[in-house]
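Here is the structure we will look at.
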Amino acid sequence: MGDALPCAFPNLGPDFFPAIYGGEIIFEASTSYIKPFLNDWADADGLKLSGENPYWEKMEELYAAYIEAGKNTFYTGWPDLHPGADCLVGFRGPQNLAIDLFDDPDAVKKELKKVTADFFKTYEHYYKKLSSAGQACTGWPGIVSTRRWHVPSNDFSYMISPEQFNEFFLEGLREECNYFDASIYHLDGVGSLRHLDRLLEIKTLNAIQWVWGAGRGEVTDWIGVFKKVQAAGKGVQLFHVYPQHLDVLIENLRPEGVWMGVCGIESEEHGAAVLKKINRWK
């Protein structure tokens, strides 16, 4: 009923990328996090990606197993890779990094350039594995494409001013978008909305994935955000859409460039009615 994507992606959590520089991931029942491990920027040059890192080795093992098991059955997605600010948060912790923007701005900018270059190499490593296996490109957002695409993000931006975002991180995000064939930005939390206008100025950014957060209303409460994104010529990915939201969304948004997953389908007949309504959206 509708589109369902048979996809599984090897996942060691959102801190996998900084962890392969030497950090330790703490795994709990429903989440994981990394212990900050760069205590002094003077030691930053010693942080190197290593093929002998235990998380790297485990991901290699998982990738081989997923690709083999998924032959002609499901897509294998790329790992959850977070370069940029979110990688540096893994190195330093969010509180320290916020202070670093004032006390050690040059060190932050230098490290951002390094991890961005390393990220491109890491992405290509996994992309080659997938393309060699005849696989398309997919990941946790549930989108599949033959194009090389990516989900840029900066959850740390919730904590900083527009001036700091523009000075330290905007250019790196633009570089990520320019590198890939397509990109959809993961905009997370109401505090991050202050950066939306600058993000929409990135010509090679294709879409915005807006995650407003728990206790912040429903998808229909954010029509203004979606309209702004569409007015800038970008697509939107909508989460937590239920059938009762459809009339408001259809009335206020254009269908072009909208990707949404509809939850709360109670039966095949219910699903058919929802599809019929969406198919009339013009």
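Counted the way my numbering counts, the sequence shown spans residues 3 to 284.
Note that beta-carbon positions come from the ideal geometry of N, C-alpha and C, so glycine has one too.
- No Cβ-Cβ contact shorter than 9 Å links F228 with L201.
- N156 counts as buried, since at least 16 other C-beta atoms from the protein chains shown sit within 10 angstroms of its C-beta.
- Residue pairing of Q211 in beta bridges, as defined by DSSP: H188, Q239.
- Distance from the Cα of K284 is smallest, within the candidate group G263, G259, G215, E270, for G259.
- Counting every other CB atom within 10 Å of its CB across the protein chains shown gives Q246 a total below 16, marking it as exposed.
- Across the structure, A71 and L132 are spaced so that their CA atoms are roughly 13 Å apart.
- Straight through space, the alpha carbons of Y77 and Q137 are spaced by roughly 7 Å.
- DSSP places S34 inside the beta strand (DSSP E), whose first and last residues are 34-37.
- Setting aside the 5 residues that flank it on each side, F182 is surrounded in the same chain by R150, W151, H152, each with a C-beta closer than 6 Å to its C-beta; the list follows chain order.
- Here D223 is exposed. Its C-beta has fewer than 16 other C-beta atoms within 10 Å.
- Residue pairing by DSSP places I27 opposite I36 in a beta bridge.
- In this structure, G95 keeps its C-beta atom at 9 Å or more from the C-beta atom of H84.
- Assigned with DSSP and collapsed to three states, V276 falls in helix.
- Positions of the beta strand (DSSP E) runs, each at least 3 residues long and wholly inside the segment 246-274, are given as 260-264 in order along the chain.
- DSSP, read as helix, strand or coil, puts A6 in coil.
- In chain order, F76 place their CB closer than 6 Å to the CB of P8, counting only its own chain and leaving out the 5 sequence neighbours on each side.
- Look at V153 here: in three-state DSSP terms it is coil, with no helix or strand label.
- Taken atom to atom, the span from the alpha-carbon of K230 to that of Y125 is near 31 Å.
- In the DSSP assignment, T78 forms a beta bridge with A10.
- In this structure, DSSP gives S52 a state outside helix and strand, which the three-state scheme calls coil.
- If you look at Y181, you'll find it in the alpha helix (DSSP H) that goes 172-181.
- By the neighbour-count criterion, in which 16 or more other beta carbons inside 10 Å mark a residue as buried, A44 falls on the exposed side.
- Annotation for A138: no alpha helix (DSSP H) segment contains it, and DSSP assigns it neither H nor E.
- Using a Cβ-Cβ distance cut-off of 8 Å, the segment 97-112 and the segment 58-68 are not in contact, since fewer than three pairs of beta carbons, one from each stretch, lie closer than that value.
- Annotated three-state conformation of S147 is strand, per DSSP.
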